[in-house]
Each structure stands twice: as C-alpha cells, then as structure tokens.
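Enquirer: Here it is, the structure, as structure tokens.
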Amino acid sequence: MGSFQREAMSVDVASRLRELRESRGISMRALGAKSGLSANALSMIERGKTSPSVSTLYKLADALGVSITAFFDRETEKKQVVFLKSDERTRMSFTRGVFEALGGEQFVGRVEPFMLTLESGASCGQHGMVHSGHEFVFCLRGQLDYFVEKEVFHLEAGDSLLFASKLSHRWRNQSTNVTNALIIISGFAEGEQPHVMHWKKGQ
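Going by this note's numbering, the sequence shown opens with residue 52, and the numbers climb by one from there.
See below:
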C-alpha cells in the first residue's frame with residue numbers, strides 16, 4: 052500500500068454508524084430488524100469489535116436511508132469543485148479491503164468515485180447489489196472478477212467495465228495479489244442514492 056494510504060484520514064465506522072443511527076432516532080434493535088443483521092452483530096460493529104463486510108455496510112446504509120458516502124461524510128457544505136490531494140482522501144476499511152472516497156461526499160453533483168484496494172480473497176459479499184445510474188470500473192492493478200447478472204467479467208490491469216447499475220452485480224478478488232480498482236458511479240436520478248441497496252426481497 053502506498054504512503055498516501057497511511058497518511059489518509061480513516062473513517063471510524065463504529066462511531067460513524069452510531070452517529071447516523073442516533074441522529075435518525077433509530078434504536079439498535081430497530082436497525083437490526085431493518086437491515087437483517089442480528090443485534091449481536093450490530094453491537095460488535097458499533098463497539099469496533101469487528102470490521103463489517105461491504106455488503107453489510109450496504110445493508111446498513113439501506114436500513115438508515117442513506118448512501119454509503121454518508122459513512123465518509125465530513126459534514127461539510129457541498130462544493131461545485133472538489134480538489135483532493137492524495138493525503139486528503141478519506142478511507143474506510145472493510146473485511147480484507149479498503150474503500151477510499153475521491154470527493155463524491157463533498158460534491159454537489161450526482162457522481163460517486165471510489166478507489167478500491169482488495170487483498171487476496173476479498174469480496175463485497177454473496178448478495179448482488181442493485182442501484183440507479185451507471186457504474187464504471189477500471190482495474191489499475193491485479194485482477195478483479197465482476198459478476199453482472201449471469202455474466203462474469205475477469206478484469207486485469209488496464210481493463211474496464213461499464214454497465215447499468217440496475218443490473219445485479221458483485222465483485223471479488225480471487226487472485227493471490229492485491230487489486231486496486233477505480234469505481235465511478237454516476238447518472239443516478241436526483242433524490243436517489245446510488246449505494247442504497249435494495250434488500251427487501253428475500254432478506
């Protein structure tokens with residue numbers, strides 16, 4: 052991992068989750084019921100005893116009615132121009148990987164760029180994700196498998212993928228090396244939050 056990742060500001064998922072939950076007046080029990088997570092699992096995350104998977108973060112975002120960028124939110128006024136030095140990125144760890152926000156949480160427009168660093172074996176979870184807009188993926192290093200509906204796309208460094216985010220999708224790094232990928236989600240409808248997941252069916 053590069054030096055920018057050591058210097059970048061890390062999001063404390065435990066305290067941020069507690070802030071988001073309490074600011075909305077949602078009890079831990081209610082959030083557990085809405086997200087499909089057990090009270091014990093939720094308690095472990097809020098106490099910082101366990102690192103949530105990406106799919107768990109998406110479930111929590113959906114249950115709270117927020118975008119996943121809410122976990123990165125610095126509570127600042129949205130800007131029309133966002134310039135970030137490499138050491139100013141906010142990062143959020145999850146199981147076997149790191150999300151780095153690239154300004155979408157501060158931007159007035161409807162675009163959410165992320166840098167994804169995945170250790171060997173990392174994945175977003177077993178469940179497919181569905182949201183509005185379009186998703187662009189560019190593999191910078193390593194290898195990345197992207198599942199879109201019933202197709203599997205094997206990305207290597209320099210490969211890209213673009214698809215409608217309404218199609219169920221998920222990803223994983225099956226290789227033995229670290230993978231870096233740039234993900235840009237855009238074109239989602241005004242008032243919609245692209246990372247709010249739709250877990251209503253079968254959950």
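Glycine included, each C-beta is placed from N, C-alpha and C at the ideal position. Given the structure is predicted, the values throughout are model-derived calculations rather than measurements.
Cα separation between I236 and V105?
Expert: The sequence position of residue 236 within the sequence shown is 185, counting from 1. The sequence position of residue 105 within the sequence shown is 54, counting from 1. Approximately 16 Å, taken between the alpha carbons.
Enquirer: Can you pull the DSSP bridge partners for P103?
Expert: One-based indexing of the sequence shown puts residue 103 at position 52. According to DSSP, which records beta bridges pairwise, P103 is partnered with nothing at all.
Enquirer: What are the start and end residues of each continuous beta strand (DSSP E) run of 3 or more residues lying completely inside the segment 172-238, in chain order?
Expert: 185-192, 194-199, 202-207, 211-215, 220-223, 230-237
Enquirer: Mind listing, in chain order, the continuous beta strand (DSSP E) runs of no fewer than 3 residues lying wholly within the segment 100-171?
Expert: Runs of the beta strand (DSSP E) inside the segment 100-171: 141-145, 148-152, 162-169.
Enquirer: For I119, I'd like the list of residues in its chain whose CB is within less than 7 Å of its CB, leaving aside the five on either flank, ordered along the chain.
Expert: The residue labelled residue 119 in the question sits at position 68 within the sequence shown. For I119, where only same-chain residues beyond five positions count, the Cβ hits under 7 Å are L108, Y109, A112, H246.
Enquirer: Within 10 Å of its beta-carbon, does S86 have 16 or more other beta-carbons around it, so buried, or fewer, so exposed?
Expert: Indexing the sequence shown from 1 puts residue 86 at position 35. Counting Cβ neighbours within 10 Å, S86 comes out buried, since at least 16 surround it.
Enquirer: Where K217 and A90 are concerned, what is the direct C-alpha to C-alpha distance, given to the nearest angstrom?
Expert: Position 166 of the sequence shown holds residue 217. Position 39 of the sequence shown holds residue 90. Distance between the alpha carbons of K217 and A90 is about 30 Å.
Enquirer: Since L135 contacts L153 with CB under 8 Å, what's their CB separation in whole angstroms?
Expert: Reading the sequence shown from its first residue, position 84 is the one you call residue 135. Reading the sequence shown from its first residue, position 102 is the one you call residue 153. L135 to L153, Cβ: 7 Å. Contact.
Enquirer: Classify E72 as buried or exposed, calling it buried when 16 or more other Cβ atoms lie within 10 Å of its own Cβ.
Expert: Locating residue 72 in the sequence shown gives position 21, counting from the first residue. The residue you asked about is not Glu; residue 72 is Arg in the sequence shown. Flag for R72 reads buried.
Enquirer: Between the Cα of V133 and the Cα atoms of R142, R147, V117, V162, which residue gives the shortest distance?
Expert: Along the sequence shown, one-based indexing puts residue 133 at 82. Checking every option, the nearest Cα to that of V133 belongs to V162.
Enquirer: Buried or exposed: N231, going by 16 or more other Cβ atoms within 10 Å of its Cβ?
Expert: Position 180 of the sequence shown, counting from 1, holds the residue named residue 231. Under this definition N231 is a buried residue.
Enquirer: Could you tell me the alpha carbon to alpha carbon distance between M52 and A173, rounded to whole angstroms?
Expert: Your numbering for residue 52 matches position 1 in the sequence shown. Your numbering for residue 173 matches position 122 in the sequence shown. Low per-residue confidence applies at M52: pLDDT is 41, beneath 50, and the placement is therefore not dependable, though the value from the model is reported in the following sentence. In a straight line, the C-alpha of M52 is about 15 Å away from that of A173.
Enquirer: Where does S78 fall in DSSP's three states?
Expert: The residue given as residue 78 occupies position 27 in the sequence shown. If DSSP states are grouped into helix, strand and coil, S78 belongs with coil.
Enquirer: Going by CA-CA distance only, name the one from A92, K130, F204, E186 that's closest to Q194.
Expert: The residue you call residue 194 lines up with position 143 of the sequence shown. The shortest C-alpha separation from Q194 is found at F204.
Enquirer: What is the C-beta distance between F123 and V62, in whole angstroms, given that I count them as a contact (C-beta under 8 Å)?
Expert: Locating residue 123 in the sequence shown gives position 72, counting from the first residue. Locating residue 62 in the sequence shown gives position 11, counting from the first residue. The pair is a contact, with the Cβ atoms about 6 Å apart (cut-off 8 Å).
Enquirer: What number of angstroms, rounded off, separates the C-alpha of V229 from the C-alpha of G179?
Expert: Locating residue 229 in the sequence shown gives position 178, where the first residue counts as 1. Locating residue 179 in the sequence shown gives position 128, where the first residue counts as 1. Straight-line Cα distance between these residues: approximately 22 Å.
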